[in-house]
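Structure, as structure tokens:
Protein chains: 2
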Amino acid sequence: MTEHKDKPLELNLAIEAPVPGELGWRYAQASLQPVDVADQLTALLSAEEIATCLDLLPLARRTEIFDYLSEGVQEEVAAVSNLESLMELLEALPADSAADLFNLLSSEQQADLLRDLPARNRATLQHLSRYPDGTAGALMTSEISLLPTGINVQRALEILRRTAAGSETIYHTYIVDPRHRLVGVISLRKLILAAPKASLDQLMTEELVTILPDQHQQEVVRLVSRYDLLALPVVDENQRLLGIITYDDAMDVAEEEATEDIHLSASIAPLEEGLLRTSLFNLYRSRVMWLILLIFANLISGVGIAFFEDTIAAKVALVFFLPLLIGSGGNAGAQASTLMVRGLAVGDVGLGDWTRLLGRELLVAGALGLTMAIAVSPIGMFRGGYDIALVVGFSMIVIVLFGSLLGMSLPFLLHRLNWDPATASTPLVTTLADAGGVVTYFALATWLLGLH
Amino acid sequence: MTEHKDKPLELNLAIEAPVPGELGWRYAQASLQPVDVADQLTALLSAEEIATCLDLLPLARRTEIFDYLSEGVQEEVAAVSNLESLMELLEALPADSAADLFNLLSSEQQADLLRDLPARNRATLQHLSRYPDGTAGALMTSEISLLPTGINVQRALEILRRTAAGSETIYHTYIVDPRHRLVGVISLRKLILAAPKASLDQLMTEELVTILPDQHQQEVVRLVSRYDLLALPVVDENQRLLGIITYDDAMDVAEEEATEDIHLSASIAPLEEGLLRTSLFNLYRSRVMWLILLIFANLISGVGIAFFEDTIAAKVALVFFLPLLIGSGGNAGAQASTLMVRGLAVGDVGLGDWTRLLGRELLVAGALGLTMAIAVSPIGMFRGGYDIALVVGFSMIVIVLFGSLLGMSLPFLLHRLNWDPATASTPLVTTLADAGGVVTYFALATWLLGLH
């Protein structure tokens, strides 16, 4: 992006003089990366203008650029494109992108296209668009470089040269038996270094990391990243090869999943588009539900306070320390839950580590609580004397321990119940820790100060 | 991991009978992926045992497994390894991993190794270990597949076959002029599909995405992911090729950076190891600083409350709504800051979008505040009558607006000041929103209820 900072202005001029032909031509000529062109078209043009502009480009360039438009923009552009353009795109796009595009179309457009598509493409499209969003199946492409068993290296290279154009990557080629079961993989590197007469079956690697099509896309990211794969084969229960997922698609999913987790950590429901492209209503909707739910969770704190109204009336000075104490419990809890949620997400910790983590958290939170009690006691001394310092310091230890243990346990519990552990968001943990803090503080105060 | 769940037990038995030779032999024979072996060695053995075990393996396997140990474990194992093993490892590891390992060694080990290493390896090592952690330079490898300009495809393939063993990837080959300046790139796919006599200079792609060695590793992730690169070339200011960064290293950095951002979002300083391997003291240290700082930020709320002590004494029922109101402001603020921090991190929004985002946030937060005021007013009515309902509802709108605007502005401000926007963590925003909430609520109550 930085490399092309000065480009939009120039292009803007071209748009003010409404010569879409010239603009399209400029893009086609421009030595810009397709992803940059896609971004600039999105920023500068309406869906209709993008469609017009794309139609003026050579098919290969048009396809590359279209593939980099965001899903929302693709949907808008597709809605105003004619059938002919869509047909060309569907045939030219990588099979996985074609399936995604197909899923974005209206049912009339889908029906029209299926009628006119060549039978082979139609089958691929229906095969790939069958898997729901968020699964490995939805990410895979069927344009795989394949070889049969029982051939030699020279023959393998001949086949590769002949079929390369239809494959998304030829750097890893999959070897399948006559029943289309995956039996091995070979890298192009190994192939071009091997003797021409060497047997493919002896050269290939037989231990393969694979995934089932209905597994979650988060698992795709984990496998590709853990095993440094260029591509991950998707197989059915009978080990038949259905497709592959390339590393670049896995990287996109990794970013998408990280964003989703980060948003969830602040009690925001997943957004489908970037922040600026999400409609105001969708932004509102993604935030309002949890905020309302948390109001009711916060009522627990209110009820706790109401219960101790006499204590407060007897010693209004106690309220001075309320935000500080419940805030500290919430903050320590937020830290503990965030560490757990992320640890579970990247596979650093598992359900089996529960007791060990609990022991560690007890020690760390205990030390934190003690440190914070020491930090806050002088303030208690200063504002209310020895009694208040004791109540505040003692409450701090209990509240920080409570918040931390709550924060670390909630994600585990949710994980155990097969919920997304990230639902144990910072606001949820903070709110629950607050309620515990209110009760702890006033109960201790009532007891230690003899206010009941 | 899931595939090998049953393995540790079996290996555990082998350890209880202390035959490290047998254990090593089992691993060498086992058809496990190196990353899985690395994980199991880490879980089951001490650093000394790992070193012994690795020494029994063939060098290629040993190198692969060592490369997958975490940095902390590598450091421990290296500390107890003899010089000979280290020398073998340094020569066999990919250049980038060798440089990382070298940086982990004690200065005596470093000096001893530099003395004994062949001159060429020594130069590479010193070249690569020069760049500080977190920069593009620290991620690159110098084992690049290179071609000169002015040759044809057949000659190019000959060179590649001869030099492939020393390159980390041969799927993209870089073309350099006699002064080692990067002039183009060609994919192996293109090479094997081209006519043998075709000119390399005409086939190569000349538009290259590159990076300078001192740029931040986050930029590496952005470029590799945005342009779907297999490898990103690192060049100096004169366009001379220094090394490449492969996509798998970029994926690791992406995960590391996401973890760091997620931890920062909960005011946790970056951890260098996974949750279970971080020492208790380091865990304590990564959490305590912000917790203490936030105590003092929370004092603002305390001072606010002290200022309104008379209002509270006059109407203790007001305290019932305190956690609910300040909690809501904090939660809305946490949402707004999280959206901004992530948007800035993935490049979705930039400084230039400030006014547009501000306008959008005003509308969304206004709608949220209104909704929440409507949700909470009946409770106010029920607990304190019309007056209280009015104060609580009106406070809610102001507090949610204040929290949201604070939450969205703080990351922008920090970004503007060239700080990490993620420093605007959820606990920080929540704490500041709390303070604003306290003052708003009691000021409105004092005024609307005529309590002054």
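Heads up: the sequence lines are chains A and B, in that order.
Numbering-wise, the first sequence is residues 1 to 452 according to my numbering.
Numbering-wise, the second sequence is residues 1001 to 1452 according to my numbering.
The beta carbon of each residue, even a glycine, is placed where N, CA and C say it ideally should be.
Can you check which of these residues, G304/A, W290/A, T430/A, is closest to T338/A by C-alpha distance?
Looking at the Cα atoms, T430/A is the closest of the given residues.
Since F1149/B is in the beta strand (DSSP E), which residue starts that stretch and which ends it?
Just to set this straight, residue 1149/B is Thr in the shown sequence, not Phe. Where T1149/B is concerned, there is no enclosing beta strand (DSSP E), given that its DSSP letter is neither H nor E.
Just confirm the distance between the C-beta atoms of L1090/B and L1113/B, as a whole number of angstroms; I'd bet it's less than 8 angstroms.
With 8 angstroms as the limit, L1090/B and L1113/B qualify as a contact, their Cβ atoms being about 7 angstroms apart.
Would DSSP call L449/A helix, strand or coil?
Note: L449/A maps to coil in three-state DSSP.
In terms of residue numbering, what span does the beta strand (DSSP E) encompassing H172/A cover?
Where H172/A is concerned, the enclosing beta strand (DSSP E) stretches over 172 to 176.
Does the Cβ-Cβ distance between L182/A and I170/A come in under 7 angstroms?
No.
Rounded to a whole number of angstroms, what is the C-alpha to C-alpha distance between I305/A and D1248/B?
Distance between the alpha carbons of I305/A and D1248/B: 54 angstroms.
For V185/A, list the residues DSSP reports as bridge partners.
Bridge partners of V185/A: Y174/A, T205/A.
Does DSSP put R162/A in a helix, in a strand, or in coil?
Here R162/A sits in helix by DSSP.
Can you pull the DSSP bridge partners for R240/A?
Note: R240/A sits in a beta bridge opposite R181/A.
Can you tell me whether W1290/B is buried or exposed, with buried defined as 16 or more other CB within 10 angstroms of its CB?
W1290/B comes out buried.
Is V224/A helix, strand or coil by DSSP?
Looking at V224/A - three-state DSSP - the assignment turns out to be helix.
Whose C-alpha, out of F1321/B, L1370/B, G1369/B, A1424/B, is nearest the C-alpha of Y1441/B?
Ranking the options by Cα distance to Y1441/B, first place goes to F1321/B.
Ordered along the chain, which non-local residues of its own chain (more than five positions away) have a Cβ less than 7 angstroms from that of S265/A?
Counting only Cβ-Cβ distances below 7 angstroms, and skipping sequence neighbours, we find T338, V341, A422, S425, T426.
Which whole-angstrom value is the C-beta distance of P323/A and S1301/B, which I expect to be below 8 angstroms?
Their Cβ separation, rounded to whole angstroms, is 4 angstroms, which keeps P323/A and S1301/B in contact under 8 angstroms.
Using three-state DSSP, classify I268/A as helix, strand or coil.
The answer is coil: DSSP assigns I268/A none of H, G, I, E or B.
Which residue marks the beginning of the beta strand (DSSP E) containing P233/A, and which one marks its end?
Run containing P233/A: 231 to 235, per the beta strand (DSSP E) assignment.
Report buried or exposed for L1417/B, applying the criterion of at least 16 other Cβ atoms within 10 angstroms of its Cβ.
It counts as exposed.
So, for Q218/A: in the same chain, excluding its five sequence neighbours on each side, which residues have a beta-carbon less than 6 angstroms away from its beta-carbon?
Excluding positions up to five away in sequence, the list reads E257.
Give a yes or no on whether the C-beta atoms belonging to A1433/B and G1330/B are separated by under 7 angstroms.
Result yes, Cβ atoms of A1433/B and G1330/B sit closer than 7 angstroms.
When you compare each of D133/A, E207/A, A60/A, L45/A to E272/A by their alpha carbons, which one comes out closest?
Nearest of D133/A, E207/A, A60/A, L45/A to E272/A, Cα basis: D133/A.
In terms of residues, what are the limits of the alpha helix (DSSP H) holding F1394/B?
Here the alpha helix (DSSP H) through F1394/B covers 1354 to 1416.
Report buried or exposed for G1021/B, applying the criterion of at least 16 other Cβ atoms within 10 angstroms of its Cβ.
For G1021/B, the predicted structure reports a pLDDT of 49, less than 50, and the residue's modelled location is therefore unreliable. A value from the coordinates is still provided. It is exposed - the Cβ of G1021/B has fewer than 16 other Cβ atoms within 10 Å.
Please list, in chain order, all residues of the same chain as F394/A whose beta carbon is under 8 angstroms from its beta carbon, the five residues on each side excluded.
Around F394/A: A373, L444, L448.
So which residues of chain A does N1298/B contact, with C-beta pairs closer than 8 angstroms?
Going along chain A in sequence order, the residues near N1298/B (Cβ under 8 angstroms) are P323, L324, G327, S328.
Can a CB atom of chain A be found closer than 7 angstroms to the CB of N1282/B?
No, because no Cβ of chain A sits closer than 7 angstroms to the Cβ of N1282/B.
Please list, in chain order, all residues of the same chain as G1261/B whose beta carbon is under 8 angstroms from its beta carbon, the five residues on each side excluded.
Before going further, note that residue 1261/B is Asp rather than Gly in the sequence given. Counting only Cβ-Cβ distances below 8 angstroms, and skipping sequence neighbours, we find V1341, R1342, A1345, A1422.
Look at the Cβ atom of I295/A, then the Cβ atom of G437/A, and state whether they are nearer than 7 angstroms.
Cβ distance not < 7 angstroms, so I295/A and G437/A don't count as in contact.
Check whether the Cβ atoms of E206/A and G184/A sit closer than 7 angstroms, and answer yes or no.
Result yes, Cβ atoms of E206/A and G184/A sit closer than 7 angstroms.
Identify each residue in the region 1168 to 1184 of chain B for which the Cβ-Cβ distance to at least one residue of chain A is less than 9 angstroms, and report them in chain order.
The region 1168 to 1184 of chain B vs chain A, Cβ under 9 angstroms: T1169, I1170, Y1171.
Taking Cβ positions, are L1059/B and E1088/B nearer each other than 7 angstroms?
In this structure, E1088/B lies closer than 7 angstroms to L1059/B by Cβ.
Which two residues bound the contiguous alpha helix (DSSP H) that contains L280/A?
Per DSSP, L280/A belongs to the alpha helix (DSSP H) from 280 to 307.
Where does T1246/B fall in DSSP's three states?
DSSP places T1246/B in strand when its eight states are reduced to three.
Give me the residue from S279/A, V253/A, F382/A with the minimum Cα distance to L318/A.
The shortest Cα separation from L318/A among S279/A, V253/A, F382/A belongs to F382/A.
Looking at the structure shown, is T141/A part of a helix, part of a strand, or coil, going by DSSP?
Of the three classes helix, strand and coil, the one that applies to T141/A here is strand, per DSSP.
Return the chain-ordered list of same chain residues with a C-beta closer than 8 angstroms to the C-beta of D1116/B, the five sequence neighbours on each side being excluded.
So the qualifying residues of the chain are L1083, M1087.
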